[in-house]
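Undergrad:
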Amino acid sequence: MKALFTPSSSGLPQRRPVVAGLLSTLVTAEQYDFWARELGTTAAWRRVFARVCGLRREADDTVSLVLQGNRNFVPTTAGQHVTLSLEINGRRHSRSYSLSRPAQGRKITLTVRREPEGLMSNYLHDQLRLGDVVELSQPFGDLGQSLRADGEAAALWLAAGSGITAVFNVLAERAAAGRALKGQLLYWEKQPGRFCFTEELERLQAEHRGFRVRRFCRDSGGSDGYESGRLDTALAEKLLSDGAYAEAVVCGGSAFVASARELLAESISAFHAEAFSPPKSVADSGEGEAFFELSLSRSRRTLTVSSRQSLLEALEDAGMSVPSGCRMGICNSCSCQQSGGESQNQLNGASLRGQGALRLCVSRARSDLELNL
Numbered sequence: 000m001k002a003l004f005t006p007s008s009s010g011l012p013q014r015r016p017v018v019a020g021l022l023s024t025l026v027t028a029e030q031y032d033f034w035a036r037e038l039g040t041t042a043a044w045r046r047v048f049a050r051v052c053g054l055r056r057e058a059d060d061t062v063s064l065v066l067q068g069n070r071n072f073v074p075t076t077a078g079q080h081v082t083l084s085l086e087i088n089g090r091r092h093s094r095s096y097s098l099s100r101p102a103q104g105r106k107i108t109l110t111v112r113r114e115p116e117g118l119m120s121n122y123l124h125d126q127l128r129l130g131d132v133v134e135l136s137q138p139f140g141d142l143g144q145s146l147r148a149d150g151e152a153a154a155l156w157l158a159a160g161s162g163i164t165a166v167f168n169v170l171a172e173r174a175a176a177g178r179a180l181k182g183q184l185l186y187w188e189k190q191p192g193r194f195c196f197t198e199e200l201e202r203l204q205a206e207h208r209g210f211r212v213r214r215f216c217r218d219s220g221g222s223d224g225y226e227s228g229r230l231d232t233a234l235a236e237k238l239l240s241d242g243a244y245a246e247a248v249v250c251g252g253s254a255f256v257a258s259a260r261e262l263l264a265e266s267i268s269a270f271h272a273e274a275f276s277p278p279k280s281v282a283d284s285g286e287g288e289a290f291f292e293l294s295l296s297r298s299r300r301t302l303t304v305s306s307r308q309s310l311l312e313a314l315e316d317a318g319m320s321v322p323s324g325c326r327m328g329i330c331n332s333c334s335c336q337q338s339g340g341e342s343q344n345q346l347n348g349a350s351l352r353g354q355g356a357l358r359l360c361v362s363r364a365r366s367d368l369e370l371n372l
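Each residue of the sequence shown is one higher than the one before, starting from 0 at the first, in numbering that gives the first Met the number 0.
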């Protein structure tokens with residue numbers, strides 16, 4: 000019986016292909032998943048369920064979740080994300096989080112900062128318990144894979160706020176693989192109590208003589224060990240004059256990443272960046288508002304949407320439950336087909352006319368639209 004509830008990454012139980020084939024003729028994937036959950040396991044036909052096996056306070060407003068994925072979960076690489084889904088008050092909610100500490104097989108760590116108005120982050124901080132089960136997407140993202148493989152040249156690492164999770168994950172994975180760390184990490188937070196991974200970063204700095212950690216804090220209260228100042232022209236010029244960097248790795252809010260790109264991208268040939276906040280809204284850009292008709296072919300609904308809203312926001316405001324994850328145009332959870340009209344990607348300004356795939360969270364209407372929803 001045990002083998003029936005241990006599916007492989009392909010979705011079929013291991014070791015007993017004949018039994019697996021027979022089972023597939025008797026139950027659906029949904030029925031299999033239901034009964035596996037009823038029996039208290041995290042097994043599933045294809046979906047990834049994970050059990051909470053560790054909770055760790057990282058900072059005043061930040062907690063790490065240690066999750067043990069089932070056999071459907073594929074191996075991760077440094078700098079990747081997963082989308083975490085669970086039910087809150089009877090509704091399914093999904094958000095994407097960066098891996099933080101190095102993975103151990105199918106055991107991963109996600110580090111989550113509490114957002115004052117964040118439904119998911121507050122639930123994870125206040126109500127998630129050891130033994131609870133959540134659903135995960137397969138890992139996505141290629142921040143670590145896009146970096147230089149030789150590790151011989153120095154790198155400039157910049158992290159602001161929650162951006163430290165992806166940056167620390169790549170640094171820790173590299174160190175765990177026996178690679179030398181060279182360059183320096185500049186890490187910004189608003190208050191001293193918000194800094195994460197302090198002990199681990201100090202250890203990395205001690206073990207790698209060519210690596211330096213610098214912490215910048217706006218409200219340090221005179222505490223030692225913190226520098227003041229923002230990422231501006233003066234700091235960028237000082238960094239570039241102090242040493243040669245083969246690449247820059249930047250992670251933080253969209254404004255922080257945009258500033259780093261403007262200050263450094265022309266001087267450092269390999270510039271890698273990820274932003275964890277949505278792009279500047281159309282409403283903030285001063286552009287006039289227009290209203291368009293949005294036709295949903297599968298649900299046979301017609302909505303009026305504003306050009307100042309993302310399509311995802313407009314659909315949610317209309318009471319529709321739409322799959323989503325990162326809400327930043329990274330994870331593809333909200334990807335759907337456009338079958339007519341014109342939309343615009345808020346990340347790069349590109350327009351999509353007629354048919355094609357779009358990401359609802361970063362797309363807005365530029366004309367009457369038809370979507371396959």
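All C-beta atoms in this analysis are idealised placements derived from N, C-alpha and C, irrespective of residue type, glycine included.
Looking at C-beta atoms only, is the number of pairs between the segment 255-271 and the segment 149-167 that lie closer than 8 Å three or more?
TA: yes
Undergrad: Please name the residue or residues paired with PHE48 in a DSSP beta bridge.
TA: GLU134
Undergrad: Classify ILE87: buried if its beta carbon has 16 or more other beta carbons within 10 angstroms, exposed otherwise.
TA: Counting Cβ neighbours within 10 Å, ILE87 comes out exposed, since fewer than 16 surround it.
Undergrad: Taking DSSP as the reference, what is the three-state secondary structure of CYS195?
TA: coil
Undergrad: Please classify VAL249 as buried or exposed, where buried requires at least 16 other C-beta atoms within 10 Å of its C-beta.
TA: buried
Undergrad: Let me know the secondary structure DSSP gives LEU127 once reduced to three states.
TA: coil
Undergrad: Taking three-plus beta-carbon pairs below 8 Å as touching, is the segment 91-109 in contact with the segment 211-228?
TA: no
Undergrad: Would you mind stating whether LEU66 and ILE107 have Cβ atoms separated by less than 8 Å?
TA: A contact, by the Cβ cut-off of 8 Å.
Undergrad: Look at LEU83 and ASN168 and say whether their C-beta atoms are less than 8 Å apart.
TA: no
Undergrad: Closest to SER323 by CA distance: which of VAL133, SER334, LEU263, ARG211 is it?
TA: SER334
Undergrad: Could you name the residues of the same chain whose beta carbon sits closer than 6 Å to that of GLN354, not counting the 5 residues immediately before and after it, in chain order?
TA: SER338
Undergrad: Should VAL73 go down as buried or exposed, given a rule of 16 or more other Cβ atoms within 10 Å for buried?
TA: exposed
Undergrad: Please tell me whether VAL51 and GLY130 are closer than 8 Å, where the distance is taken between their beta carbons.
TA: yes
Undergrad: Are LEU185 and PHE215 touching if we call contact CB-CB under 8 Å?
TA: yes
Undergrad: Could you give the distance in angstroms between the alpha-carbon of VAL110 and the alpha-carbon of VAL304?
TA: As written in the sequence, residue 110 is Thr, which differs from the Val given in the question. About 35 Å.
Undergrad: With three or more beta-carbon pairs closer than 8 Å as the criterion, would you say the segment 352-369 touches the segment 289-308?
TA: yes
Undergrad: Pick out the complete alpha helix (DSSP H) segments inside the segment 223-248, 4 residues or longer, and give them in chain order.
TA: As summarised for the segment 223-248, the continuous alpha helix (DSSP H) elements at least 4 residues long and confined to that stretch are 232-241, given in chain order.
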